[in-house]
Every structure is written in structure tokens, then in C-alpha cells.
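Heads up, the thing below is written out as C-alpha cells.
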Ligand code: C2E
Ligand code: MG
Ligand code: MG
Ligand code: MG
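In UniProt numbering, the protein residues as written are 504 to 781.
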């Protein structure tokens, strides 16, 4: 019966679902119109040279201002958006908005954009990035795409081909959340990364966990021997920064450098944060 009418089907389906599923379904409905309703926006999080404190780039972090729920954090909606592939148009919006904005900054620093594995499975992500670079005039070398190992998991050959095409375009590739998940070391051998981002969980634990210290030390040593620059994520304290500087971790990101902000001010581009001058 319900088959004859898509909305009837949706309603019947909805009624039979438990609360969590119904929530997710409602969120997915809202996600599919979020772009056209102008509900998405970006926050910018600064990245600094560990040693000098100079601001070297900003990571674009997606925010969703839902009309009833208020600002929904990405951890709450990205999985839902990945499940129904609405991350594909949303991710395209992020890329375009981030590149457009960065092209206008009065300093040619890096702009980091997170890509979902789902964006690699739908359409030609490299062609899309190329088109957006041409359209916005952003120099490819300034764009750093952040991928997680989810991109590398199922089809190694396809992932390698895509990443090589990104390299041909001239964009940078960072492996995000390094150390979590499977983190196979063979990834570092096989894929053309320009940077690793050590996951914040290891940095958080530095003060209390000798294991975390050993892991961070080892990853930094590995980066040094592979000539792979490393960013530490989630740096909140001077102690963490000092530990990382000592081990020649080249870049840091976290509340110590600056919190995500809706604007990239002239000051935030050119002035070293007070806290990093010490
Ligand atoms: P991520 O790419 O690892 O981004 C870093 C997250 O850690 C951000 O959370 C940031 O606000 C938070 N963070 C960084 N430094 C600190 C710190 O010192 N202390 C604390 N407490 N938190 C810190 P956010 O913005 O909630 O983003 C969460 C995740 O959502 C991101 O993790 C990324 O995986 C995903 N995400 C964000 N924007 C996008 C996007 O445009 N596309 C896709 N596919 N994923 C996105
Ligand atoms: Mg990231
Ligand atoms: Mg991360
Ligand atoms: Mg993360």
C-alpha cells in the first residue's frame, strides 16, 4: 500500500522505528535541505609553527545551525550525512566556501579542508577540487586536504590513484587522526602524504600517560625519518607545546593556539598568539 506513495512509505517507516532511528531519519531529512536554506557555515581553527608561534594556516570546521536544534556539532551530523550521502553536496559546499574565503586572505597561508571517504566514492573528487581551485583562484599549494584512513580502507588501488591525481594538481594531503583506527604503517609506505596529524587523544594524555609520551615520541621520530611533517592536534597547554617543541614537532593546533572562530581576522593572520610568545 505505502509503496504507491513515497510520503506514506516514509511515514509508515518512521512510525515503526525506534527513537534513535527516527531522530537520525529526521536529521537526514533536514540535512538534505541545509545547504539550500543557508544553514551551514564554517569555523576556522588556527595552526601554528610549534617553535616560533607563527600562524601557518587555518582548518575549516563545518557547523550546522539547525532552525530548532541550534548549532549542531559535526560529530552529531557528519555520520548521518555520510550515511545518506548528503555529505557529498555538503562537502562540495565546504570546499568551495573554504577556498573562496582563503583566496581573499591577505596572507597566502594554508587552508585545511576535511574530506569524507564518501566524497571519494561519489563522482570525481579530484576534478571537483580542480574546478573549485580555478573558480576561486586559490593556489593549489595552499590547499591541504585532510583525509582519514577510511579513505584508504576498501580499495587501495583506487585510493592511491586518487591521491596521486591530487598530488599532480599540486594540493597537499594530510592524514588526519593518525594513531587511531587501524593506522597501518603500510599506509605511510604506500600513499603520498605530505603530513600526519597526531590525534588529540595522545596529546590529551601526555601529562599523565608515559605510554602516550612514548607513542608521541615514536610518531615524531618516524615522521623525522620519513621526512613527513607532523601536526599535533588538541594542544591546550604550554607543557604539551614544550614537549612537542623539544621533539621537533613542526606544527601545533589546539586551544593554546586558538579556538575555532567564525572569522579569520587580519590580526589572527599576522599576529602570533600571545600565549605562544612565552
Ligand atoms: P578533526 O578534523 O580532527 O578536527 C579537530 C576537532 O578537534 C575539531 O572539532 C576541533 O574543534 C577540535 N579541537 C581541536 N583542538 C582542540 C583542543 O585543543 N581542545 C578541544 N577540546 N578540542 C579541540 P569539531 O569542529 O567538533 O570537528 C570534529 C570532527 O568533525 C573533525 O575532526 C572532522 O573529522 C569532522 N569535520 C569537521 N568539519 C568537517 C567537514 O567539513 N567535512 C568532514 N567530512 N568532516 C568534518
Ligand atoms: Mg581535520
Ligand atoms: Mg583530527
Ligand atoms: Mg578528529
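Using N, Cα and C, we set each Cβ at its ideal position, and we do this for glycine too.
CA-CA distance, residue i and residue j?
i	j	result
residue 742	residue 725	22 Å
residue 602	residue 614	7 Å
residue 508	residue 587	Note on residue 508: pLDDT 45, under 50, position unreliable in the model; the coordinate value appears next. Roughly 20 Å separates the two Cα atoms.
residue 747	residue 777	18 Å
residue 696	residue 570	39 Å
residue 521	residue 578	21 Å
residue 572	residue 599	26 Å
residue 625	residue 669	16 Å
Strictly by DSSP, which residues pair up with residue i?
i	result
residue 579	Its beta-bridge partners do not exist; DSSP assigns none.
residue 561	549 and 614
residue 573	569
residue 764	547
residue 678	650 and 699
residue 734	700 and 754
residue 683	681
I'd like the list of long-range same chain contacts for residue i, defined as Cβ closer than 8 Å, with 5 residues on each side in sequence excluded.
i	result
residue 510	Note on residue 510: pLDDT 49, under 50, position unreliable in the model; no value is reported.
residue 667	695
Any heavy atom of ligand 2 within a distance shorter than 7 Å of the CB on residue i?
i	result
residue 638	no
residue 627	no
residue 562	yes
residue 697	no
Name the two residues that bound the continuous beta strand (DSSP E) containing residue i.
i	result
residue 854	Outside the displayed span of the chain (504 to 781) sits residue 854, for which this structure offers no information.
Measuring from the CB of residue i, is there a heavy atom of ligand 1 at a distance below 7 Å?
i	result
residue 738	yes
residue 618	yes
May I ask which residues mark the beginning and end of the alpha helix (DSSP H) holding residue i?
i	result
residue 536	522 to 537
residue 596	590 to 607
Sorry if obvious, but does the Cβ on residue i come closer than 7 Å to a heavy atom of ligand 3?
i	result
residue 613	no
Within the same chain, show all residues whose beta-carbon is closer than 7 Å to that of residue i, passing over the 5 residues directly before and after it, in chain order.
i	result
residue 716	709
residue 583	527, 530, 531 and 534
residue 763	546, 547, 548 and 564
residue 621	585, 588, 590 and 591
residue 707	737
Just to confirm my understanding: we take residue i, look at its own chain, exclude 5 residues before and 5 after, and list those with CB closer than 6 Å. What are they?
i	result
residue 550	559, 560, 754 and 756
residue 618	648 and 650
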